[in-house]
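Protein chains: 2
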Amino acid sequence: MSQPGASYHHGDLRAACVRAARELLEEDGGSGMSLRAVARRAGVSPTAPYRHFADRDALVSAVAAQGYRDLTEHLAAAHPAPPATSDDLADIAVAYVRFALDRPAMFRVMFAEPCDPASEERAAAIAAISGYLHSLVRSAFPGCDPEPLATAVWALVHGLAFLHLDGKFDTSTPQQAADRVRSAIYALFSPASTTP
Amino acid sequence: MSQPGASYHHGDLRAACVRAARELLEEDGGSGMSLRAVARRAGVSPTAPYRHFADRDALVSAVAAQGYRDLTEHLAAAHPAPPATSDDLADIAVAYVRFALDRPAMFRVMFAEPCDPASEERAAAIAAISGYLHSLVRSAFPGCDPEPLATAVWALVHGLAFLHLDGKFDTSTPQQAADRVRSAIYALFSPASTTP
DNA sequence: TCAGATATGTTGGCACTGCACACATTATCT
DNA sequence: AGATAATGTGTGCAGTGCCAACATATCTGA
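Below, the structure is given as structure tokens:
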């Protein structure tokens, strides 16, 4: 480690670790995301990340927080404008499931690994996605109590994603998964069925 | 290991491993469920389990299959009779979420850990729970296409369980969680809202 | 009955992991 | 400029999954 260009200090090792962890998630499917592998990829000694993360869970938490931000962005891209109809809900759901299927390891890290619950970054990212869903439900179903409805919608979409991800449904074709998601949404939110 | 009563052969090490793994899941919260710890608890050498499980994932799969059977049993106990009303759905949902919150590590193993997808035992256990839900939906909503509805119901309930498990909602009181689940269910399945 | 074959358990070892500790180097502040 | 804090390095320990060689019990067929 004594190339002329390389300096002893990395510069922004914390961000580099999160980035390396994300790459490892995409490649090795999650099981390969060890602290040591992250350090290796960042070109740094095996224990250097400990200066920025208390333990492995803290790193995972940071990666998960990034994943939440990616997810909200992905959902917003699937349906930009706030005034949503109940039809747009299906688009959001499909986007949610697609995210899970396209980046399974990241999705698992976000929801299935035990994370440090005291992570502020994580809590903020979750609050953002929850807020997005609330505003969506509010504009899609005006006049309804948004609280339980938002909970139900999030759960429905989240459950669809997880069941697909765990192979409970056939996902050989993306179109197939999308169709199932759509029909499941329509089964509950057909136009005549959303009035209180 | 040379007590007079102990024999070289264990008798039914496979079952003993699954049992030991379940106990470790309840105690150490999942992270402690290593193959070696399982072997230790079964009173056997560290590599003995390899005679019965190809690798760690195979053990996990067997444990998960047991968990699926436990879950179906738990659900059936919450609502024994097949002819279900849409009201009973809430009971089932609450039972589902309770199972997840009461045995979080087991629930995670069942749904969040990568398992051997070729496990017949696992597939059968999943088919059983899926069938149970289908029959429930069929009798609760006669005249509807049960396929997408069953998917939606499972996803909704499953999502509720996972979001609670991951701390997305407050679960300090079991009653609180149960109430939220009930109101989420009612938000989607109020009597007037279930006709297509 | 009693050798083999087969199933099952044991021991030792390897590469890997998370993490604690002491140490080295650099940036920053007074 | 010199002290001090921040950051990165090296070593080491306990634990892990898994492989290979070996030991022991059970089963099988002549």
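For the record, the sequence lines run as chains A and B.
Just so you know, we're using the numbering used here here: the first sequence kicks off at 1004 and counts up by one.
Just so you know, we're using the numbering used here here: the second sequence kicks off at 1004 and counts up by one.
In this text, a Cβ means the ideal position worked out from N, Cα and C, and glycines have one as well.
Residue i, DSSP secondary structure in three states
| i | result |
| --- | --- |
| Met1036(B) | coil |
| Asp1090(B) | helix |
| Pro1007(B) | Note that Pro1007(B) scores a pLDDT of 38, beneath 50, so its modelled location is shaky; the value from the coordinates is reported in the next line. Pro1007(B) falls in the coil class under three-state DSSP. |
| Pro1145(A) | coil |
| Phe1114(A) | helix |
| Asp1073(A) | helix |
| Asp1015(A) | coil |
| Asp1182(B) | helix |
| Ala1130(B) | helix |
| Leu1191(B) | helix |
| Tyr1083(A) | Before going on, a small fix: residue 1083(A) reads as Pro here, not Tyr. Coil, per DSSP. |
| Pro1177(A) | helix |
| Gly1162(B) | helix |
| Glu1057(A) | The identity of residue 1057(A) in the sequence shown is Ala, whereas the question assumes Glu. Coil at Ala1057(A), not helix or strand. |
| Phe1172(B) | coil |
| Pro1151(A) | helix |
| Thr1197(A) | Interpretation of Thr1197(A) is limited by its pLDDT of 34, a score under 50 that renders its predicted location unreliable; no figure is taken from the coordinates. |
| Ser1122(B) | coil |
| Arg1106(A) | coil |
| Val1047(B) | coil |
Proximal residues to residue i (C-beta, below 6 Å), its chain only, five neighbours per side dropped
| i | result |
| --- | --- |
| Phe1102(B) | Leu1074 and His1077 |
| Thr1198(A) | Note that Thr1198(A) scores a pLDDT of 33, beneath 50, so its modelled location is shaky; the value from the coordinates is reported in the next line. Answer for Thr1198(A): no residue qualifies. |
| Cys1020(A) | Val1041, Ala1045 and Pro1052 |
| Leu1028(A) | Met1036, Ala1108 and Met1109 |
| Ala1093(B) | Arg1185 and Ile1188 |
| Arg997(B) | This structure gives no information on residue 997(B), because the portion of chain B shown stretches from 1004 to 1199. |
| Ser1010(A) | none |
Own chain partners of residue i with C-beta closer than 8 Å, once the 5 adjacent residues on each side are dropped
| i | result |
| --- | --- |
| Pro1049(B) | Leu1038, Arg1039, Ala1042 and Arg1043 |
| Phe946(B) | Any answer about residue 946(B) is impossible in this case: the structure gives chain B only from 1004 up to 1199. |
| Pro1145(B) | none |
Contact set between residue i and chain A, taken where Cβ atoms lie within less than 8 Å
| i | result |
| --- | --- |
| Val1112(B) | Within 8 Å Cβ-Cβ: nothing; Val1112(B) doesn't reach chain A, min ~10 Å. |
| Arg1072(B) | Result: empty, since nearest Cβ-Cβ is about 16 Å, beyond 8 Å. |
| Asp1090(B) | None at all; the shortest Cβ gap to chain A is about 16 Å. |
Chain-ordered neighbours of residue i on chain B, where CB pairs are closer than 8 Å
| i | result |
| --- | --- |
| Ser1175(A) | Correct list: empty, because the minimum Cβ distance to chain B is about 13 Å. |
Nearest to residue i (by Cα), restricted to the options the options
| i | options | result |
| --- | --- | --- |
| Arg1106(B) | His1082(B), Glu1026(B) and Pro1052(B) | Glu1026(B) |
| Asp1031(A) | Met1109(A), Val1097(A), Phe1192(A) and Leu1168(A) | Met1109(A) |
| Leu1152(B) | Pro1052(B), Ile1129(B) and Leu1139(B) | Leu1139(B) |
| Arg1111(A) | Ala1068(A), Glu1123(A) and Cys1147(A) | Ala1068(A) |
| Ala1065(A) | Leu1163(A), Arg1141(A), Pro1145(A) and Ala1121(A) | Ala1121(A) |
| Leu1104(B) | Leu1136(B), Pro1177(B) and Asp1015(B) | Pro1177(B) |
| Tyr1135(A) | Asp1119(A), Gly1014(A) and Ala1080(A) | Ala1080(A) |
| His1167(B) | Leu1168(A), Lys1171(A), Leu1166(A) and Trp1157(A) | Trp1157(A) |
| Phe1055(A) | Leu1016(A), Gly1033(A), Gly1146(A) and Val1184(A) | Contrary to the premise, residue 1055(A) reads as His rather than Phe in this sequence. Minimum Cα distance to His1055(A) is reached at Leu1016(A). |
| Arg1072(B) | Ala1131(B), Tyr1099(B), Ala1093(B) and Ala1096(B) | Ala1131(B) |
| Ala1190(B) | Asp1090(B), Gly1070(B) and Ser1034(B) | Asp1090(B) |
| Asp1182(B) | Asp1094(A), Glu1029(A), Ala1155(A) and Phe1192(A) | Ala1155(A) |
| Lys1171(A) | Lys1171(B), Ile1129(B), Ala1018(B) and Arg1141(B) | Ile1129(B) |
| Ser1034(A) | Val1100(A), Val1047(A) and Glu1116(A) | Glu1116(A) |
| Arg1022(A) | Ala1057(A), Gly1070(A) and Asp1169(A) | Gly1070(A) |
| Asp1169(B) | Arg1141(B), Ala1127(B) and Val1100(B) | Val1100(B) |
Within chain B, the residues that residue i reaches when beta carbons sit closer than 9 Å
| i | result |
| --- | --- |
| Val1160(A) | Ala1158 and Gly1162 |
Own chain partners of residue i with C-beta closer than 7 Å, once the 5 adjacent residues on each side are dropped
| i | result |
| --- | --- |
| Thr1088(A) | Ala1143 |
| Ala1195(B) | Reliability of the predicted coordinates at Ala1195(B) is poor, the pLDDT of 43 falling under 50, and the value obtained from them is presented with this limitation in mind. Contacts found: none. |
| Ala1024(A) | Met1036, Val1041, Leu1062 and Val1066 |
| His1137(A) | Pro1149 and Ala1153 |
| Thr1174(A) | Leu1104, His1167 and Ala1180 |
| Ala1098(A) | His1077, Leu1078 and Ala1081 |
| Arg1125(B) | Ser1064, Ala1067, Ala1068 and Cys1118 |
| Arg1059(A) | Leu1038 |
| Ala1096(B) | Val1160, Leu1163, Val1184 and Ile1188 |
| Phe1192(A) | Ser1089 and Leu1092 |
| Val1047(B) | His1013 and Leu1016 |
| Ala1057(B) | none |
Within chain A, partners of residue i - CB distance below 7 Å
| i | result |
| --- | --- |
| Ala1190(B) | Pro1151, Leu1152 and Ala1155 |
| Phe1056(B) | The contacting residues do not exist; Phe1056(B) stays about 17 Å from chain A at best. |
| Ser1186(B) | Pro1151 |
| Arg1059(B) | Within chain A, no residue comes near Arg1059(B); the closest Cβ sits about 11 Å away, beyond 7 Å. |
| Arg1183(B) | Thr1154 |
Amino acids of chain A, ordered along the chain, whose beta-carbon sits closer than 9 Å to that of residue i
| i | result |
| --- | --- |
| Phe1165(B) | Phe1114, Ala1115, Ala1158, His1161, Gly1162 and Phe1165 |
Partners in chain B for residue i, counting only beta-carbon separations shorter than 7 Å
| i | result |
| --- | --- |
| Asp968(A) | Shown here, chain A extends from 1004 to 1199; a query on residue 968(A) therefore has no answer. |
Against chain A: residues of the stretch 1026-1053 of chain B by CB proximity under 9 Å: Gly1032, Gly1033 and Ser1034
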